[in-house]
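S.K.: Quick one: structure below, then a few questions.
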Amino acid sequence: MGRGEKEDVSNLDLPDPLNPEITFYDTKGQKVTNQNEGVAKSVKTVLSYDNISIQQFILYGRGEILDPHGVDFRSNRNFYKFKKVPKDAFDNYIKYLKSKNTLYFTRARRLITE
Numbered sequence: 001m002g003r004g005e006k007e008d009v010s011n012l013d014l015p016d017p018l019n020p021e022i023t024f025y026d027t028k029g030q031k032v033t034n035q036n037e038g039v040a041k042s043v044k045t046v047l048s049y050d051n052i053s054i055q056q057f058i059l060y061g062r063g064e065i066l067d068p069h070g071v072d073f074r075s076n077r078n079f080y081k082f083k084k085v086p087k088d089a090f091d092n093y094i095k096y097l098k099s100k101n102t103l104y105f106t107r108a109r110r111l112i113t114e
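So in full-length UniProt numbering, spot 29 of the sequence shown is number 29, and the numbers just go up one at a time.
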């Protein structure tokens, strides 16, 4: 078989590909469908009947998580990419987005750097 030829793998009994459910959150902590509006996201993947993987991500760049209520939010958004974070940090960040209480932002930031 040549290098560029496709091999028939239909008889290998491979599992179906996983289809993750992605939820984006905007600057107010509300769920949105557009990725460009999202500052945080949650990815839920069903691995088996009783095994579900949930991963949380926050926009992160320049050694800091994105502060959507900060001064330079609009101008510097291109420098940020989604980074996987612990569940506690994600929950605090969503609380910050909803309440604008900087205590939750500080907690989220500290939990990420630990």
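From the three backbone atoms N, C-alpha and C, an ideal C-beta is built for every residue, glycine too.
1. For L18, does the three-state DSSP call read helix, strand or coil?
2. Going by C-alpha to C-alpha distance, which of E64, E114, E7 and N92 sits closest to G29?
3. T106 lies in the alpha helix (DSSP H); which residues open and close that run?
4. Spell out whether any CB of chain C is found under 8 Å from the CB atom of R110.
5. Whose C-beta lies closer than 7 Å to the C-beta of K87 among residues of the same chain, with five residues either side of it excluded?
6. Rank V46, R74 and L12 by C-alpha distance to the C-alpha of N19 and give the top, closest one.
7. Is the beta carbon of Y80 sitting closer than 8 Å to the one on L59?
8. What residue range is occupied by the uninterrupted beta strand (DSSP E) comprising N51?
9. Alpha carbon to alpha carbon, what distance is there between D16 and N34?
10. Could you tell me how far apart the beta carbons of I22 and K41 are, in whole angstroms, since I believe they sit closer than 8 Å?
11. Going straight from the alpha carbon of I112 to that of D8, what length do you get?
M.R.: This is what the structure holds:
1. Here L18 sits in coil by DSSP.
2. Shortest Cα-Cα distance from G29 to any of E64, E114, E7 and N92 involves N92.
3. T102 to T113 is the span of the alpha helix (DSSP H), which, as asked, contains T106.
4. Within the model displayed, chain C is absent; a lone protein chain is all it includes.
5. The residues Q56, in chain order, have a CB closer than 7 Å to that of K87 in the same chain once the five nearest residues on each side in sequence are set aside.
6. Between N19 and the set V46, R74 and L12, the nearest pair of CA atoms involves V46.
7. Yes; because the gap between Cβ atoms is below 8 Å, this pair is in contact.
8. Looking at the DSSP string, the run of the beta strand (DSSP E) that includes N51 is N51 to G61.
9. Rounded to the nearest whole angstrom, the C-alpha separation of N34 and D16 is 27 Å.
10. The C-beta distance from I22 to K41 rounds to 6 Å, short enough to fall under 8 Å.
11. Rounded to whole angstroms, the gap between the alpha carbons of I112 and D8 is 44 Å.
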